[in-house]
Amino acid sequence: MIRSEHSLVEYDFQRLAIRPDRLRRGADADYLIAAKQMLQIYRRGIGQQRNVLHGRVEQCLLRLPACPPRRIAAFCKLLDDHSEYESKRGAAFDLRRKVFDLASQYHPIVEHREGIFDHELQLVRAKVAEAIGMPWPEIENKLFGDVIELQKLNSFGDKLTAAELLSIYNVAQTQAALYRATRVRIDATEDFKTIVKHAKLAGLMHRIDRIDSGGKRGYRFVLDGPQASLRETTRYGIRFASLVPKLLACRGWHMTAEVLGPRKQKFRMELSPADGLRSVLAPPDDFDSTLESDVDAAWCKAGIDGWDWQRESELLVEGQTVMTPDFTLYNSRRNVLIYVEVVGFWTPEYLDEKCQRLRQFMAQADLGQQSGRSGKRSGKTVKWLLVVSKQVNSDQQKQLAELKIPIVCFDKKSDPQSWIDAVLSESSR
Amino acid sequence: MPAENATGPKVDFHQGTVRIFGVSDDFIVKVLPDIPFVWDRREACFRTDAMFADAIWMAFSKSLAGNVQWCVGRDVGADDFGPLSIADRRKTKLRSDQVDAVTAFEDGGGRGLVVMPTGTGKTVVALELMIRHQCSTLVVVPVRDLMYQWHEKILQSTGIDAGLIGDGVHRVSPISVTTYDSAAIHMPRLGDRFRMVVFDEVHHLAGPWRSDAARMSIAKYRLGLTATLPGDSERVELLHHLIGPTLYHQTITEAAGRSLAEYSVHRIAVHLTDDEQRRYRELSMQIQKFVSDQKDIDPSFKWDDTYTLSAATKKDPGRARDAVRAMRAFQMKRKIEEHADAKMRTLEDLFRLHCDESVIVFTGSNVMARKISTRFLVPCLLSHCGKKERRQWLQGFAEGRYRVLVANRVLDEGVDLPEVKTAIVLGGLSSQRQAIQRLGRVLRKGSGRRLAKLYEVVVDDTREVTRSRDRRRNEAYRGKS
Chain P
737 MIRSEHSLVE YDFQRLAIRP DRLRRGADAD YLIAAKQMLQ IYRRGIGQQR NVLHGRVEQC
797 LLRLPACPPR RIAAFCKLLD DHSEYESKRG AAFDLRRKVF DLASQYHPIV EHREGIFDHE
857 LQLVRAKVAE AIGMPWPEIE NKLFGDVIEL QKLNSFGDKL TAAELLSIYN VAQTQAALYR
917 ATRVRIDATE DFKTIVKHAK LAGLMHRIDR IDSGGKRGYR FVLDGPQASL RETTRYGIRF
977 ASLVPKLLAC RGWHMTAEVL GPRKQKFRME LSPADGLRSV LAPPDDFDST LESDVDAAWC
1037 KAGIDGWDWQ RESELLVEGQ TVMTPDFTLY NSRRNVLIYV EVVGFWTPEY LDEKCQRLRQ
1097 FMAQADLGQQ SGRSGKRSGK TVKWLLVVSK QVNSDQQKQL AELKIPIVCF DKKSDPQSWI
1157 DAVLSESSR
Chain V
1376 MPAENATGPK VDFHQGTVRI FGVSDDFIVK VLPDIPFVWD RREACFRTDA MFADAIWMAF
1436 SKSLAGNVQW CVGRDVGADD FGPLSIADRR KTKLRSDQVD AVTAFEDGGG RGLVVMPTGT
1496 GKTVVALELM IRHQCSTLVV VPVRDLMYQW HEKILQSTGI DAGLIGDGVH RVSPISVTTY
1556 DSAAIHMPRL GDRFRMVVFD EVHHLAGPWR SDAARMSIAK YRLGLTATLP GDSERVELLH
1616 HLIGPTLYHQ TITEAAGRSL AEYSVHRIAV HLTDDEQRRY RELSMQIQKF VSDQKDIDPS
1676 FKWDDTYTLS AATKKDPGRA RDAVRAMRAF QMKRKIEEHA DAKMRTLEDL FRLHCDESVI
1736 VFTGSNVMAR KISTRFLVPC LLSHCGKKER RQWLQGFAEG RYRVLVANRV LDEGVDLPEV
1796 KTAIVLGGLS SQRQAIQRLG RVLRKGSGRR LAKLYEVVVD DTREVTRSRD RRRNEAYRGK
1856 S
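Here it is as structure tokens:
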């Protein structure tokens, strides 16, 4: 990521929109050549000081028409992120201590001696160099070798290509524009669980509502932090920025951020897969476990007519706690919705937590049915089903049985009809 | 809107805020009318900044007589932060002005600002208050050097090895020291662990990010220390809101001669060499032409607009390119001013003049500080220096092993130095605060009555003269030259 002082955005004061700096394949083709040159500068610059490399990158980019200083600084930062610099703080400090201790007896050190207490610079340098056993030019070269801008390049990522560097730059500028964001809204029709998971990992708070987006059902996530209810704050900007690479790896989303611009004016920033930014991360895994994948395969192989099987399509929300049932089964004729949870190999602690969470959301579903306040689910009969691996031990099975919901033991030959039967026979009892 | 909870309301600390569950709108209006609560539908609670925790506690104490689940503050009833015992190992007594400051703070309800010039012992005042209150305390300082210095002073005065939060260390204990930036980062998690918070050089508590360090703390006792209050009333008002009113104010002229040394300010004008002057003029002309061209295009154009213009590469690439060039020319001019040959010669003369005493040199940049260090073979204290190195240079300087110490901005504030009576300022900003802080470094009163001297070396016929003039607008900096 780049720093906020490298951020470059374009403000549209009429539409109150902002656009992060973006280098495009056609219009900015010069930058592809420049990127190749910058990579060469670093690859050939092993042993060179950081400020020398930055100077060369600056020269390279200044040859292009109107490259702003922030863009130059951002490229330097991104190239440094792929570099390893020598940092021998201890050695440089030891050298400084020796030099200044030896020289202290000669103060004041002057160019040309005039008074009896003066000491000539060249003579002092020679004495210090002799005492340390290192020629003066080498001492001068190493004296501040630990200062960041004077550190020497040890190695540079050899796999980075020019196109990737530009792609990383575009993503980094998008992230940096979010440093000044106060709130982020994501409308999603897929990968809900991944979005929630990463928002949680980023320490954000959410409001989640059902939406219809172009005929597809989905969710609206409004993300911010505790302080956001008290005032407009950019405190959580870095957390929004950290979400971007994860979001770019997802499908079916549209992000709208509120960003504070000049004079604290509110601007809007939009981002979606249509922007074509590439994430360095892989798309979310299709399944959390092999067992989940096997359960899905078993249904797909022998699905039951009238039942619609979907994976991670529902979010159950209570305050700041969210649960995503692994699968849902819906029968429109019977108006029955079944939340299917798959139980594989779990530690006792994890199982405890899972049971507690299931109880919490089973109670919420019951309440919702009674009061009819659960939105689209209102009027539906909501049921639960646990699909449990045969390898779950008997103690754990007992613990699950206490939840008093239908349980089916799963193996690859398992028949989905038996899952439906388990739920329906339970409810007819 | 919420209904009253039969078991009584629950109050807790949540990431730098305080939440109340189980109370109604009416309750808030009747019992807590002065606290800016908002209804947070995300968690069905009322929420406010943690800094109001004590006021909420007081209001609840009066109205609910204990019928509240109070879960704020790990030192309010929690095992790991019980009452503290802070020993008093100090060997010196407080001066009368320090006693006055302590009394003013106590009389003012334990929340407010104490303004005392650098070198008059603000730390002594804070330590006295810590020992008096015997409670968990967080000291917030602007730079890492000061963090270690406070750690040392707490150790000397109380025998407590205080926790450190910052500079790659995260050791939290009931008495801890941190930097402003670390406090702003960690306060959502630490804001409920300290009953007292001391903001050293409190003028740094500006801007929404750093202000959070105060907003997110539940501390009942809140002390802000500074040598100079911010110039604009809006910022002072914010400090009064976050910490409390100004309870004690001593000016530098009141302190001079009593707790500070008498001082004089000498300005030395130097000249650019012919080559430097020629280059300087060329760059000035380039900038003038740029401004004139821009004014032809847009009569309202000001130099301050240059930076914005430089970023308009897509909208107006030609003007953006010229803006970048003009900015580079401006930077080159600053470099010429700062690195003028004559400055080194003047420095040599001043070192000769004061060869038998300790001299501090303040520069405008790290590069210049390193240049002087390499040229005169004297230590320089920069922000990159580690703890060990800082101690080495400061201790060596205190013992007289090093006669000169060069610094950019590290020493601007608070770092204690021994009996320095001579300082030289090369370049630097025009801010009056920096001027006063720098002056404070020189004016600490030690043994003897010798007049302290501050030399200011500026390049004639350049913007350095303007900056020097700006600094001199301050009463203290005018001194007795």
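Protein chains in written order, with my numbering: chain P, 737 to 1165; chain V, 1376 to 1856.
Where a beta carbon is used, it is the ideal one built from N, C-alpha and C, also for glycine.
Residue i at chain P interface by Cβ criterion, 8 Å
| i | result |
| --- | --- |
| residue 1751 (chain V) | yes |
| residue 1562 (chain V) | no |
| residue 1514 (chain V) | no |
| residue 1574 (chain V) | no |
| residue 1776 (chain V) | yes |
| residue 1726 (chain V) | yes |
| residue 1709 (chain V) | no |
| residue 1661 (chain V) | no |
| residue 1696 (chain V) | yes |
Inter-residue Cα distance where the pair is residue i and residue j
| i | j | result |
| --- | --- | --- |
| residue 1423 (chain V) | residue 948 (chain P) | 34 Å |
| residue 1017 (chain P) | residue 1123 (chain P) | 31 Å |
| residue 924 (chain P) | residue 1684 (chain V) | 37 Å |
| residue 1897 (chain V) | residue 1533 (chain V) | Examination of residue 1897 (chain V) is not possible in this model, given that chain V is present from 1376 through 1856 alone. |
| residue 1500 (chain V) | residue 1589 (chain V) | 20 Å |
| residue 1452 (chain V) | residue 1582 (chain V) | Low confidence applies here, because residue 1452 (chain V) scores a pLDDT of 44, under 50, leaving its location unreliable and the question unanswered by this model. |
| residue 1639 (chain V) | residue 1733 (chain V) | 16 Å |
| residue 806 (chain P) | residue 1610 (chain V) | 30 Å |
| residue 801 (chain P) | residue 1682 (chain V) | 16 Å |
| residue 1547 (chain V) | residue 1525 (chain V) | 15 Å |
| residue 754 (chain P) | residue 917 (chain P) | 11 Å |
Residue i at chain V interface by Cβ criterion, 8 Å
| i | result |
| --- | --- |
| residue 941 (chain P) | yes |
| residue 854 (chain P) | yes |
| residue 825 (chain P) | yes |
| residue 749 (chain P) | no |
| residue 695 (chain P) | Since the first residue of chain P shown is 737 and the last is 1165, residue 695 (chain P) is not available in this structure. |
| residue 809 (chain P) | no |
| residue 971 (chain P) | yes |
| residue 1056 (chain P) | yes |
| residue 963 (chain P) | yes |
| residue 1023 (chain P) | no |
| residue 880 (chain P) | yes |
Local Cβ density within 10 Å of residue i, reported as buried at 16 or more and exposed below that
| i | result |
| --- | --- |
| residue 1796 (chain V) | buried |
| residue 1155 (chain P) | buried |
| residue 1564 (chain V) | exposed |
| residue 749 (chain P) | exposed |
| residue 859 (chain P) | exposed |
| residue 1411 (chain V) | exposed |
| residue 1444 (chain V) | exposed |
| residue 910 (chain P) | buried |
| residue 1697 (chain V) | buried |
Residue i - containing alpha helix (DSSP H), residue span
| i | result |
| --- | --- |
| residue 1748 (chain V) | 1741-1751 |
| residue 1593 (chain V) | Neither: residue 1593 (chain V) is in no alpha helix (DSSP H) and is coded neither H nor E. |
| residue 1415 (chain V) | Premise fails: residue 1415 (chain V) lies in the beta strand (DSSP E), 1413-1415, not in any alpha helix (DSSP H). |
| residue 1508 (chain V) | 1497-1508 |
| residue 1697 (chain V) | 1692-1713 |
Start and end residues, beta strand (DSSP E) containing residue i
| i | result |
| --- | --- |
| residue 1536 (chain V) | Per DSSP, residue 1536 (chain V) belongs to no beta strand (DSSP E) and is neither H nor E. |
| residue 1396 (chain V) | 1392-1396 |
| residue 1599 (chain V) | 1596-1601 |
| residue 1830 (chain V) | 1827-1834 |
Simplified DSSP assignment, three categories, for residue i
| i | result |
| --- | --- |
| residue 1023 (chain P) | coil |
| residue 1548 (chain V) | coil |
| residue 1570 (chain V) | coil |
| residue 1039 (chain P) | coil |
| residue 1108 (chain P) | In this predicted model, residue 1108 (chain P) has a pLDDT of only 40, less than 50, meaning its place in the structure is not dependable; the value taken from the coordinates is given anyway. Here residue 1108 (chain P) sits in coil by DSSP. |
| residue 1082 (chain P) | coil |
| residue 920 (chain P) | strand |
| residue 1587 (chain V) | helix |
| residue 821 (chain P) | strand |
Any non-hydrogen atom of the ligand ATP within 7 Å of residue i CB
| i | result |
| --- | --- |
| residue 913 (chain P) | The ligand content of the structure shown is nil, which means the ligand ATP is not present either. |
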